[in-house]
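Just so we're aligned, residue 772 is where the sequence shown starts under our numbering, counting upward by one.
We put the CB at the ideal spot given by N, CA and C, even for glycine.
Remember, it's a predicted structure, so these values are computed and weren't measured experimentally.
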Amino acid sequence: MKLIKLTLIFIIKLIYVFITLFITGLVMRMTSGVINDNVAMLDMNQIAKNSALHGLFAVAAIGVGLPAFYAIEHWIWPALKYIGLKIRYFFHGY
Numbered sequence: 772m773k774l775i776k777l778t779l780i781f782i783i784k785l786i787y788v789f790i791t792l793f794i795t796g797l798v799m800r801m802t803s804g805v806i807n808d809n810v811a812m813l814d815m816n817q818i819a820k821n822s823a824l825h826g827l828f829a830v831a832a833i834g835v836g837l838p839a840f841y842a843i844e845h846w847i848w849p850a851l852k853y854i855g856l857k858i859r860y861f862f863h864g865y
């Protein structure tokens, strides 16, 4: 039950990150377009697609990066450390 609750909290945080980055990217691109062109003739479809793409990349980086770092810290690194100690003991005897 605790794992399900933590997973749901993680998903909610990822959705929050996506929405925040999407809105931020949308506002920034609209503002920069108006400043650069001095005209409000903007391609809103392209701006929305770019903002959504940036949001998805950030969510993917967080959604894949955090579990990967957790796995490295708790499983992979101790295993490599254990193997390294065994190799050192085999060659050096301490």
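Open item on the list: On a Cα-Cα basis, can you pick out the residue from Ile-833, Met-799 and Ala-832 that is closest to Ala-819?
Closed with: Met-799
- [ ] For Met-801, name the three-state secondary structure that DSSP assigns.
- [x] helix
- [ ] Could you work out which residue in Met-801, Leu-792 and Leu-774 is closest to Ile-833 when comparing CA atoms only?
- [x] Leu-792
- [ ] Keeping to the same chain, check which residues put their C-beta closer than 8 Å to that of Leu-797; ignore five residues upstream and five downstream.
- [x] Result list for Leu-797: Ile-818, Ala-819 and Ser-822, in chain order.
Task: Alpha-carbon to alpha-carbon, Tyr-841 and Val-830 - done: 17 Å
- [ ] Could you tell me the distance, in whole angstroms, from the CA atom of Thr-778 to the CA atom of Leu-824?
- [x] 23 Å
- [ ] Return helix, strand or coil for Gly-864, following the three-state DSSP convention.
- [x] coil
TODO: Find the nearest neighbour of Gly-836 within the set Lys-852, Phe-781 and Tyr-853, judged by alpha-carbon distance.
DONE: Per the Cα distances, Phe-781.
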